[in-house]
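Scroll down for the structure; my scribbles are underneath it.
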Amino acid sequence: MDWQYFWELFFGGLTRGSIYALIALGYTMVYGIIELINFAHGEVYMLGAFTALIVAGALGIYGFPALAILIIAAVVAVIYCAAYGLTLEKIAYKPLRDAQRLSPLISAIGMSIFLQNYVILAQTSDFMPFPNLVPQPEFLEPIAHIMGASEVLIIVTSAVAMAALTLFIKYTRMGKAMRATAQNRKMAMLLGIDADKVISLTFVIGSSLAAVGGVLIASHVGQVNFAIGFIAGIKAFTAAVLGGIGSIPGAMLGGLVLGWCESFATGYISSDYEDALAFALLVLILIFRPSGILGKAKTQKV
Amino acid sequence: MRKGWFKVLVAGLAVAVMACPAFAADTIKFGVAGAHSGDLASYGLPSANAAKLVAKMVNAKGGVLGKQVEVIPQDDQCKPELATNAATKLVSDGAVVVLGHICSGATKAALPIYKEANIVLMSPSATNPALTQSGDYPNFFRTIASDDQQARLGVDFTIDKLGKKKIAVLHDKGDYGKGYAEYAKQFIEEGGKGTVVLFEGVTPGAVDYSAVVQKIRNSGAEAVMFGGYHPEASKIVQQLRKKRMDLPFVSDDGVKDDTFIKVAGKDAEGVYASSSRDVSSLPLYKEAIEAHVKEFGAEPGAFYKEAYAASLALLNAIEKAGSTDSAKIMNALRTEFVETSVGKIKFDKRGDAEGVGFSMYQVKNGKYVELK
Amino acid sequence: MSATTGNAATPVNSASGTAAVLDVRSISMNFGGLRALNEVDLQVRLGEIVALIGPNGAGKTTFFNCITGIYVPTEGTVHVTPRDGRTVTVNGLKASQVTELGMSRTFQNIRLFPTMSVLENVMIGRHCRTRAGILGALLRDSRTRAEEQRIVEESYALLKSVNLHQHYKDQARNLPYGAQRRLEIARALATDPFLLCLDEPAAGMNPQETHELKELVIEIRERHQLSVLLIEHDMSMVMSLSDRIYVMEYGSKIAEGTPEEVSKNPRVIKAYLGEESHA
Amino acid sequence: MQGLKKSILVSLWFMFLTFPLMVIRIDSLNGTIDWRWENMLGMGAGSFVLSFVWRFMMARKEAGRAAAAGGVMSARGAWFERLRSDPKAAVPALAVILAVFLVLPWLVSTYQTNIMISALLYVMLGLGLNIVVGLSGQLVLGYVAFYAVGAYSYAILNSNFGLGFWSVLPIGGAMAALFGILLGFPVLRLRGDYLAIVTLGFGEIIRLVLENWSDFSQGPSGIANIDRPGLFGTQLSVSDATTYIYYLILAAVIVTIVAVTRLKNSRIGRAWQALREDEIACQAMGIDITTTKLTAFALGACWAGFAGVIFAAKTTFINPASFTFLESAMVLAMVVLGGMGSVIGVSVGALVLILLPEYLRAFSEYRMLIFGATMVLMMVFRPQGLVSPGRTKYNVPDAEGAGAAAARPAAGGNA
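If you read the protein sequences in the order shown, they are chains Z, B, U and L. Residue 116 in the working numbering sits at position 116 of the first sequence, and the numbers go up by one each step. Residue 90 in the working numbering sits at position 90 of the second sequence, and the numbers go up by one each step. Residue 199 in the working numbering sits at position 199 of the third sequence, and the numbers go up by one each step. Residue 2 in the working numbering sits at position 2 of the fourth sequence, and the numbers go up by one each step.
Right, dumping it as structure tokens:
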């Protein structure tokens, strides 16, 4: 066994898994609250990357230093993604809250197609170079062949985001309101919780995380185009289901498991069936453990 | 029954519109098929422009066989199902020759229709080797060299010029990229001078290629050959450099694109990519570019010079053949040399142009430079 | 319904003399660590109307779900004896198989097919008694057409018997509440049951409707020659309708007997009837 | 006044929201920023107007819901219902439509006929998906996988074993049905959203396998030179073959419409609908949901398989790029737009979605944008689609209706 190689793949998978986890958190929160697969979540991530690209480009022209650009671009992207998430919810999901269960999903697919084409028309369908905004500090140089600064930042950010979210939901008033709404919306409303506000907030938080993901991942990969949201979104959703949808540590765990699976499969077998493997994993999990690794089984009320 | 009437109306209008050209003056109908809308329009529209410009020039000189040349464009969006529609349309409109199609898949789908109607098809951009090498389509010609020639050049360059023996061959799982990679693998193995240490497809659009990159490192490769387009190429090159791997990266025409340099930035430096020979010194090439700038106010896009050359070759062949009979046109294409924007060419038995080929380019100081 | 057209009604009080059509032996049901049912026994004999009562959360609906195949009981056995006389174990069978054997049910929170018509709702009930397959549907041969017409007629007749036939074209969700309850009963009857399980059929009804419902249940029992197992909170209805009553509390059976016996049982009074015992 | 204020706020919000993407364009080569303020103005004005429209539509939707609860039917719906239910009006209407379709190839060019063939293929796909989604309520997002199975069945059997169109047509359908059952078994327990995602994954897996397993499917380069359907062994010219395929697909669509209508009004079809409405109650009524779901999957897939065989025969070339998720979304959009469960609706939806862009080339850039927006707006304002499913008529044995009932065909339904 070549351990050097194993660890290289391990850290590659860790980065990839953290990327999935960062996006999966948004999926899992929204699903937890209103049981909707927010199909357009991947597009919000893409919008975050694009917004950051535009801001970074503009600031770059005015000669700002890289770290300042990173922070400003990330903040602006978070604000805009939150706004997009909010608007998305108001237009495409809120009017459908009492509709039959297929309607919001179809609406979400429509929104996803709409947003992709909105970006094509407003900007471009080409790949755009994304500047590397994360400076590489000296002390990381010895492990540069395994991990660079942007990878470290991605892993740290998603771990912090997960921990912060878990604490938020467990201990704050709003977090408790979220849990209550997730359990039983009608009952929560009777108890004086403004469910609409809670749902909006969920979208805001999820979208903000997607924006952070968008900035970091685009900076890591070095390019963006209108289509990056689709495959990342599907993978992140797979991660969320894998970990147990609705569970925040589950999203993280699911992301990592998926990342490692893909990384090791590519490293030791072949990357030919990389996506097929991810989907097969999803199908298997749903068949044998529909509630995911950390999810709780729900009995159906008759 | 408003709907019914509407249908009849549409049908009637369609008949009227379709019928018009048929009653027009006796012309040589020159079909142009390719992606004129959709994602890949930027590959198809330059060909249509080239055909129009050549036709205009020829018409100004009195046309072909004393008749005016009429260009009929048809859009296929590079989709096979639409390509057959376009081909059917061109056949039913009475096209004598057709310039197109742009994408190999669309070309494959459309070819049987032209073959059956006995119409000469010449593509400026379909590089799939099987189109000519299978021998199925005597009516097919092209003014661009096929992928296997590109792979041959890439392999020879990597082994002989760069002196690398262990080669990792990657592709993007697409028609074009995988074809290139498979030929490269075959040539390396046949040549016996090098070995393929890794043959792997990467998934387009994946968020991260670090596993593949680590695999390249682990394979002990001395050089990487990649078949595919620039988005994946730039991601792989960037990750290779990030992981501090300084291997030579040899790729194909899909990567020899300025967007690649733009996206990959400083990591693009030193990357090799093969592409059509530099013909910018040819007078006909200059003439073609000037005509485009004059007419459309912009530099032409991809495959313009190949399409311009194909238009010239086709019209010349009709003139030399002295008729619109396709057997005679094909014969003329195979026997008569013609000066074009890609050089002096004629076509071999299978339909590939003799006299066109590839050169290797390298990114130096943010620009592709031809290596002599 | 062809088998039930005779009108030789079984005398109400001769139940003790006939065999049990439903025989439940100490079934238990665990949800994770929670024991929702604890060794419950219950028998329903041919032609009997048996009520299952108990405070909210006593496990009555869980019991229904266990015997009708929606849940699989953790322990115990459920035997049924359909009209053909053979005895079958039903625990472990799918809900649809249980219904096919001849046990049919209604739901506490009405579960109709809301956007289908009233008639179609009843026609669904005939599904398991008819045979037409895909080929028949595609070719629509004379046999399929005849069967289809028979389904329509039988279903319509059932609607008439619950007095909903004027509404046969309406969407089920547009019916008033009481009518929806009756439609659920008609739909359940369409499966040709020998045992009809009603889960709180009078919930949300006014006294007049409740009275009509009671008459309806008695009439159905006579006409279709079936037994009825009933969960109900309306005590006056339970007392006047039932032949025997089972009382549950916290997942266990605490009493059984005739209405009189049960209403005098001190444990029942304490646990359930409480201050209502004067009613 | 209130409305005006709201609209101004909405307009300001959208101007803010779309500011970076719509206004700024970075030209990184020259290091300049292209400020496109005119876009912001357009956005502001557009969203101002649209917010009025939105509120108006919302109010109308609310009013419509109130009216529906009171049992009032809108006048527009009424004439359509009459046309549909009255055989005196419906029969001539159908005859005219059929006649138009029958003479179409003689009126229009081969090219137009070809487009019509594509549109009819989608009608067939839409109706097949309608069985699964519209009737039995199982949201399948990977429907195009079955289309691919049909197409590749023909392509592979034809190029390797020389089997002809007519012998592969049933094989292709059967293969797709088999895949439908293969997919159906594991996902039996899944519901709604999960089912949707798993089927999406399944569709992608099929496509990825076709793309990567070169020895089997020739990978991304696809299979060329597939035979067109023969007519008693004669070799047809391209334009004749097109006409022939047109009639073939027209016949296939008519068969599909009849079959789906009959299925819908049959015992099986009722079971599907019951499954869609309430799975638990459906089981409790003695319907075996396993077989019911599997029949829906198998039949829906089977139709996609037939369509796939015809598709391969029509284009004579197929590659995996024709079977992407977007294609599945497109077919789903047809079903949703037309009206889930309605045969007429789905057919109209398919024709509209395929033909409209064909004749509105000017809008081709905005095609997908409008397409996405339509899906959202449809769900918000008219979730039942353009045409709501027709009510089946039953011949009830009652005194008041007996006279009329006797004159009607027994248990005749309409779509």
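Where is the CB? At the ideal position from N, CA and C, for every residue including glycine.
The C-beta of L/M22 comes closer than 7 Å to at least one C-beta of chain Z. At a C-beta separation below 7 Å, Z/H145 has these neighbours in chain B: K243, R244. Scanning the segment 309 to 345 of chain L from its first residue to its last, the whole alpha helix (DSSP H) runs of 4-plus residues come out as 325 to 338. If you ignore the 5 residues before and after U/L198, its C-beta comes within less than 6 Å of the C-beta of T106, L230, all in its own chain and listed in chain order.
Along the segment 166 to 191 of chain B, the positions whose C-beta sits under 7 Å from a C-beta of chain L are K173, G174, D175, K178, G179, read in chain order. Approximately 7 Å separates the beta-carbon atoms of L/T374 and L/L337; this is inside 8 Å, confirming the contact. In this structure, the beta-carbon distance from U/V78 to U/V88 does not fall below 7 Å. Judged by their CB atoms, Z/A265 and L/I205 are not nearer to each other than the 7 Å cut-off.
With contacts defined as CB atoms closer than 7 Å, L/P220 and B/G174 qualify as a contacting pair. At a cut-off of 7 Å between beta-carbon atoms, L/M43 makes no contact with chain Z. Taken atom to atom, the span from the alpha-carbon of Z/L67 to that of B/Y361 is near 35 Å. The DSSP-derived three-state label of L/V187 is coil. Apart from sequence neighbours up to five positions away, the residues of its chain that approach B/Q238 with a beta-carbon distance below 7 Å are A264, D267, ordered along the chain. For U/L135, no Cβ of chain L is located within less than 7 Å of the residue's own Cβ. In chain order, F127, Q223 make up the part of chain Z whose C-beta sits under 7 Å from the C-beta of B/P231. Annotation for B/E182: no beta strand (DSSP E) segment contains it, though the alpha helix (DSSP H) segment containing it runs 175 to 191. Residue range 27 to 34 is occupied by the beta strand (DSSP E) that includes B/G31. Counting C-beta pairs with one atom in each stretch, the segment 136 to 156 of chain U and the segment 254 to 267 of chain L have three or more that are closer than 8 Å, which means they touch.
For U/Y177, there is no enclosing beta strand (DSSP E); the enclosing alpha helix (DSSP H) covers residues 177 to 189. Residues of chain U whose Cβ lies closer than 7 Å to the Cβ of L/R262 are, in chain order, A137, L138, R140. Membership of L/I24 in the beta strand (DSSP E) is indicated by the continuous run 24 to 27.
In the structure shown, U/N65 falls within a helical segment according to DSSP collapsed to helix, strand and coil.
In the three-state reduction of the DSSP assignment, U/P266 falls in the helix class, which pools H, G and I. Assigned with DSSP and collapsed to three states, B/T324 falls in coil, not helix or strand. Inclusion of U/L196 and U/L164 in the CB contact set at 7 Å is not warranted, their separation being larger than that value. The beta carbons of Z/R185 and Z/A195 sit about 5 Å from each other, so the pair counts as a contact at 8 Å. Looking at the backbone, the Cα of Z/C81 and that of Z/V75 are separated by about 10 Å. With a threshold of 7 Å between beta carbons, B/A211 makes no contact with chain L. Cα atoms of L/V352 and B/E290: separation of roughly 44 Å, rounded to the nearest angstrom.
Separation of B/A55 and Z/M128 (C-alpha to C-alpha, rounded to the nearest whole angstrom) is 37 Å.
The straight-line gap separating the alpha-carbon atoms of U/M103 and U/P82 is approximately 9 Å. As computed with DSSP, Z/P129 is found in a beta bridge with Z/Q223. For U/V152, the chain L residues whose C-beta falls within less than 7 Å of its own C-beta are Y394, N395, V396, A411, listed in chain order. Within the segment 78 to 89 of chain Z, contact with chain L at the beta-carbon level (separation under 7 Å) is assigned to Y80, A83, Y84, T87.
Within the segment 57 to 114 of chain Z, the complete alpha helix (DSSP H) segments of 4 residues or longer fall at 66 to 88, listed in chain order.
Beta-bridge partners of B/V255 (DSSP): none assigned.
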